[in-house]
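Keeping their order, the protein sequence lines are chains Y and R. Using the numbering used here, read the first sequence as starting at 21 and increasing by one per residue. Using the numbering used here, read the second sequence as starting at 4 and increasing by one per residue. Comments concern the structure below.
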Amino acid sequence: MKNKLIQNLGFFALFLCILTTIFFLGSIIYFVFSRGIGVINWEFLTQAPREAMTKGGVAPAIIGTLYLTLGAIIFSVPLGLACALYLCEYSPKSFVVNIIRMSINNLAGVPSIVFGLFGFVVFVKFFGFGVSILAGSLTLGIMILPQIISTAQEAFITVPQSYREASLALGASHWQTIRRIVIPAALPGILTGIILSVGRAAGETAPILFTAATFYTRGYPDSIFSEVMALPYHIYALMTEGTHPEAQTQIAYGCALILIIMILSISGLAIFIRQKQRSYYGK
Amino acid sequence: MESNAIKLKAENVNFFYGSSQALKNVNMDIYEKKVTAIIGPSGCGKSTFIRLINRMNELIPNTSFCGKVMFNGNNIYGLNADAIELRRRIGMVFQKPNPFPKSIFENLSYGLKVNGIRNKTFIEEKVIDSLKKAALWKEVKDRLHTNALGLSGGQQQRLCIARCLTIEPEVILFDEPCASLDPISTAKIEELILELKKDYTIIIVTHNMQQAARISDYTAFMMLGELLEYDDTNKIFTNPANKVTEDYVTGRFG
Numbered sequence: 021m022k023n024k025l026i027q028n029l030g031f032f033a034l035f036l037c038i039l040t041t042i043f044f045l046g047s048i049i050y051f052v053f054s055r056g057i058g059v060i061n062w063e064f065l066t067q068a069p070r071e072a073m074t075k076g077g078v079a080p081a082i083i084g085t086l087y088l089t090l091g092a093i094i095f096s097v098p099l100g101l102a103c104a105l106y107l108c109e110y111s112p113k114s115f116v117v118n119i120i121r122m123s124i125n126n127l128a129g130v131p132s133i134v135f136g137l138f139g140f141v142v143f144v145k146f147f148g149f150g151v152s153i154l155a156g157s158l159t160l161g162i163m164i165l166p167q168i169i170s171t172a173q174e175a176f177i178t179v180p181q182s183y184r185e186a187s188l189a190l191g192a193s194h195w196q197t198i199r200r201i202v203i204p205a206a207l208p209g210i211l212t213g214i215i216l217s218v219g220r221a222a223g224e225t226a227p228i229l230f231t232a233a234t235f236y237t238r239g240y241p242d243s244i245f246s247e248v249m250a251l252p253y254h255i256y257a258l259m260t261e262g263t264h265p266e267a268q269t270q271i272a273y274g275c276a277l278i279l280i281i282m283i284l285s286i287s288g289l290a291i292f293i294r295q296k297q298r299s300y301y302g303k
Numbered sequence: 004m005e006s007n008a009i010k011l012k013a014e015n016v017n018f019f020y021g022s023s024q025a026l027k028n029v030n031m032d033i034y035e036k037k038v039t040a041i042i043g044p045s046g047c048g049k050s051t052f053i054r055l056i057n058r059m060n061e062l063i064p065n066t067s068f069c070g071k072v073m074f075n076g077n078n079i080y081g082l083n084a085d086a087i088e089l090r091r092r093i094g095m096v097f098q099k100p101n102p103f104p105k106s107i108f109e110n111l112s113y114g115l116k117v118n119g120i121r122n123k124t125f126i127e128e129k130v131i132d133s134l135k136k137a138a139l140w141k142e143v144k145d146r147l148h149t150n151a152l153g154l155s156g157g158q159q160q161r162l163c164i165a166r167c168l169t170i171e172p173e174v175i176l177f178d179e180p181c182a183s184l185d186p187i188s189t190a191k192i193e194e195l196i197l198e199l200k201k202d203y204t205i206i207i208v209t210h211n212m213q214q215a216a217r218i219s220d221y222t223a224f225m226m227l228g229e230l231l232e233y234d235d236t237n238k239i240f241t242n243p244a245n246k247v248t249e250d251y252v253t254g255r256f257g
């Protein structure tokens, strides 16, 4: 009887924790929705800002964020997967490889503003890309690289060794085994890593602060060397350096709402793809 | 026992996991188109031994090997020997059924595809033929394109046998193929092994002494990495030369 009571209390405590988490998540979404929904209309989504950021829309910022995120993914996904493959499938288990693994994990802990400074020095100045989509994408790409590598590594490690053995025992080469068995089986896990990274790349401000973002552009970017507006930076700029706080705060909430919706829908799409994959693999 | 053609020959085989020796100077001849069973208590080196024959142990880091394994008279650990080519000719069925998380058809066509066969009609015929040989065709013919993981454990193991047959190996290694199966599935696999003996050389590791007695022509008894006795199955089970073998097959230990 006493055991049962303790158990129930335990469950209740755990449930309370879940409730707290959901409460915070729910209130953030409610807060942003209730304040942001008012300014969102067709013009807001499709027009550029007018009259010192107090009227018009934020379309260039939406497009800019999409470009930057896409660029970061294009750069970091192939590189990250190749690194993870090498570390899991090819590298001998040695001291040096352990050091490399640790370094990658440490890279994940570097503050994003440091990536921003690095991107500024290396891509903007040294390579001379200027403040541009290219420099911003590369900086964001480097920032999400450790996350992509570690989730992909996790995914490769969880592919049962028995699949590899079965494939090799049929006379498949190491590479054939990786391409036809290991990568497909690891795909749901890899996709999860990419989803999380997309969310992070789209939402970060610091890495693009000096490398890509600008407060205002007249139109849309016309090459990868153009500077762009981006939603997170736009929110930051509206809240810190405007001359019409009332109108600008409104717009900032609108931007926050769009950013949240964008990230949620990208995640939703990826989760949907992953579920389809998973059900196929019978997991 | 000497009248048959020798398919495989282990000569002074030693194998180490790190510094612990798993096989000690094993010498053994495997005869063509016969079933050879390897029995012995857990950890005696049975699995290590058969995994040497298709060079699967190479995948385990920090292991070392010395000795020779001759396959059709050629050393499979020789300088020019190719592990991939070897594994195409020596198939393996594992302890736990390990179908790929793909459809039944894809599981079977895989071995053909990785070996460079592109002809669709040929692949299809081969898949059907292998399923028939593995006595699985009737059960799966209407669901070839469903996920293989939806099959029962026994069906999955027969699928793995069929998968192994697609590439027409000369030798099939069975590493405790019935360890995770119920008695009915086990009976089906045993029946299948007796059928396959006509075309293939078979080596089976088993913990089940009755199984060894039922299906094998020759039985090897291993203990602590050594091959203690190797003879006709009949002799091993009725009149073994070694006292330890007798104690083991009569169930006094192990």
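We put the CB at the ideal spot given by N, CA and C, even for glycine. For clarity, every value in this text was computed on a predicted model and none was experimentally measured.
Identity of the residue in R:T241, R:Y251 and R:Y203 nearest I9 of chain R by Cα: Here residue 9 of chain R is taken as the residue at index 6 of the second sequence, counted from 1. Closest option to I9 of chain R, Cα to Cα, is R:Y203.
Neighbour-count burial assignment, F147 of chain Y, 16 or more Cβ in a 10 Å radius: Against the first sequence, residue 147 of chain Y aligns to sequence position 127. So F147 of chain Y ends up on the exposed side.
Residues of its chain near F140 of chain Y, where Cβ-Cβ distance is below 6 Å and the 5 sequence neighbours each way are ignored: What you label residue 140 of chain Y is simply residue 120 of the first sequence in a count that begins at 1. If we look at F140 of chain Y and ignore the five residues flanking it on each side, its Cβ neighbours are F230 and T231.
Distance between beta carbons of V247 of chain R and L231 of chain R, contact taken as under 8 Å: Residue mapping note: residue 231 of chain R aligns to position 228 of the second sequence, counting from 1. Residue mapping note: residue 247 of chain R aligns to position 244 of the second sequence, counting from 1. The pair is a contact, with the Cβ atoms about 6 Å apart (cut-off 8 Å).
Cβ contact (3+ pairs, closer than 8 Å) linking the segment 112-132 of chain R and the segment 58-73 of chain R: no
Segment contact flag, the segment 89-109 of chain R with the segment 146-165 of chain R, C-beta cutoff 8 Å, min 3 pairs: yes
Within-8 Å CB hit, E63 of chain Y to chain R: Here residue 63 of chain Y refers to the residue found at position 43 when the first sequence is read from its first residue. No, its Cβ sits nowhere closer than 8 Å to a Cβ of chain R.
Within chain Y, the residues that I187 of chain R reaches when beta carbons sit closer than 9 Å: Here residue 187 of chain R is taken as the residue at index 184 of the second sequence, counted from 1. Those do not exist, as I187 of chain R stays about 24 Å from chain Y at its closest Cβ, beyond 9 Å.
Contact with chain R by F115 of chain Y, beta-carbon distance below 8 Å: As a first step, residue 115 of chain Y is located in the first sequence; it is residue number 95 there, counting from the start. No, no contact with chain R.
Where the segment 107-136 of chain R meets chain Y: residues whose CB sits under 7 Å from a CB there: Y113, G114, V117 and N118
Integer-rounded CB distance, given that S152 of chain Y should sit under 8 Å from L88 of chain Y: What you label residue 88 of chain Y is simply residue 68 of the first sequence in a count that begins at 1. What you label residue 152 of chain Y is simply residue 132 of the first sequence in a count that begins at 1. With a Cβ gap of about 10 Å, L88 of chain Y and S152 of chain Y do not count as contacting.
Whole-Å CB distance - T39 of chain R paired with S219 of chain R, under 8 Å assumed: Here residue 39 of chain R corresponds to residue number 36 of the second sequence, with the count starting at 1. Here residue 219 of chain R corresponds to residue number 216 of the second sequence, with the count starting at 1. Confirmed, about 6 Å.
7 Å Cβ cut-off: residues of chain R touching L251 of chain Y: In the first sequence, counting from the first residue as 1, residue 251 of chain Y sits at position 231. Residues of chain R passing the Cβ test: none, with the nearest at roughly 39 Å.
Local Cβ density within 10 Å of V179 of chain Y, reported as buried at 16 or more and exposed below that: The sequence position of residue 179 of chain Y within the first sequence is 159, counting from 1. Flag for V179 of chain Y reads buried.
Contact set for L227 of chain R: own chain, Cβ-Cβ below 7 Å, skip 5 residues either direction: To locate residue 227 of chain R, count along the second sequence from 1; it is residue 224. Around L227 of chain R: C47.
DSSP state of S182 of chain Y mapped onto helix, strand, coil: Counted from its first residue, the first sequence places residue 182 of chain Y at position 162. Helix.
Whole-angstrom distance between G288 of chain Y and I49 of chain Y, CA atom to CA atom: Translated into positions along the first sequence, residue 49 of chain Y becomes position 29. Translated into positions along the first sequence, residue 288 of chain Y becomes position 268. Their backbone Cα atoms lie some 16 Å apart in a straight line.
Limits of the unbroken beta strand (DSSP E) element including A25 of chain R: As a working note, residue 25 of chain R is residue 22 in the second sequence. Looking at the DSSP string, the run of the beta strand (DSSP E) that includes A25 of chain R is S23 to Y34.
Terminal residues of the alpha helix (DSSP H) in which N15 of chain R lies: As a first step, residue 15 of chain R is located in the second sequence; it is residue number 12 there, counting from the start. Where N15 of chain R is concerned, there is no enclosing alpha helix (DSSP H), although the beta strand (DSSP E) it sits in stretches over I9 to Y20.
P69 of chain Y - partner residues in DSSP beta bridges: Mapped onto the first sequence, residue 69 of chain Y falls at position 49. Partner(s): Y:G76.
Beta-carbon neighbours of Y183 of chain Y, restricted to chain R and to distances below 7 Å: Against the first sequence, residue 183 of chain Y aligns to sequence position 163. The contacting residues are N101 and F103.
With 16 other Cβ atoms within 10 Å as the buried cut-off, status of E266 of chain Y: In the first sequence, counting from the first residue as 1, residue 266 of chain Y sits at position 246. Exposed.
Contacts of I201 of chain Y in chain R (Cβ-Cβ under 7 Å): The residue you call residue 201 of chain Y lines up with position 181 of the first sequence. F103, listed in chain order.
The segment 165-185 of chain Y touching the segment 103-110 of chain Y, judged by at least three CB pairs closer than 8 Å: yes
Within-8 Å CB hit, F31 of chain Y to chain R: Along the first sequence, one-based indexing puts residue 31 of chain Y at 11. False, the Cβ-Cβ gap to chain R never drops below 8 Å.
Which of helix, strand or coil DSSP assigns to N77 of chain R: Here the question's residue 77 of chain R lines up with position 74 in the second sequence. Here N77 of chain R sits in strand by DSSP.
Cutoff 7 Å; reference I83 of chain Y; Cβ partners in own chain excluding five residues on either side: Here residue 83 of chain Y refers to the residue found at position 63 of the first sequence. Closer than 7 Å at Cβ, skipping near neighbours: Y240.
Sufficient close CB pairs (3 or more, under 8 Å) joining the segment 86-96 of chain R to the segment 171-179 of chain R: yes
7 Å Cβ shell around S132 of chain Y - same chain, five flanking residues per side excluded: By one-based count along the first sequence, residue 132 of chain Y stands at place 112. The answer, listed in chain order, is M163, E224, A226 and P227.
Per DSSP, the bridge partner or partners of N150 of chain R: Indexing the second sequence from 1 puts residue 150 of chain R at position 147. N150 of chain R is bridged to R:S106.
Beta-carbon contacts of Y256 of chain Y that lie in its chain and below 6 Å, excluding the five residues immediately before and after: Taking the first residue of the first sequence as 1, we reach residue 256 of chain Y at position 236. Same-chain partners within the cutoff: T225.
Limits of the unbroken alpha helix (DSSP H) element including R136 of chain Y: Walking along the first sequence from the start, residue 136 of chain Y turns up at place 116. In the sequence as displayed, the identity of residue 136 of chain Y is Gly instead of Arg. That run of the alpha helix (DSSP H) goes S132 to G139.
Length of the line joining the Cα atoms of D234 of chain R and I120 of chain Y: Here residue 234 of chain R is taken as the residue at index 231 of the second sequence, counted from 1. Here residue 120 of chain Y is taken as the residue at index 100 of the first sequence, counted from 1. Straight-line Cα distance between these residues: approximately 53 Å.
Backbone CA spacing between G81 of chain R and R58 of chain R [nearest angstrom]: Here residue 81 of chain R corresponds to residue number 78 of the second sequence, with the count starting at 1. Here residue 58 of chain R corresponds to residue number 55 of the second sequence, with the count starting at 1. Cα-Cα distance, rounded: 12 Å.
Endpoints, the alpha helix (DSSP H) within which D242 of chain Y is located: Indexing the first sequence from 1 puts residue 242 of chain Y at position 222. Counting along the chain, D242 of chain Y falls outside any alpha helix (DSSP H), and DSSP gives it neither H nor E.
Rounded straight-line distance, which links the Cα of E249 of chain R to that of P243 of chain R: Taking the second sequence and counting its residues from 1, one reaches residue 243 of chain R at position 240. Taking the second sequence and counting its residues from 1, one reaches residue 249 of chain R at position 246. Each residue's alpha carbon lies about 6 Å from the other.
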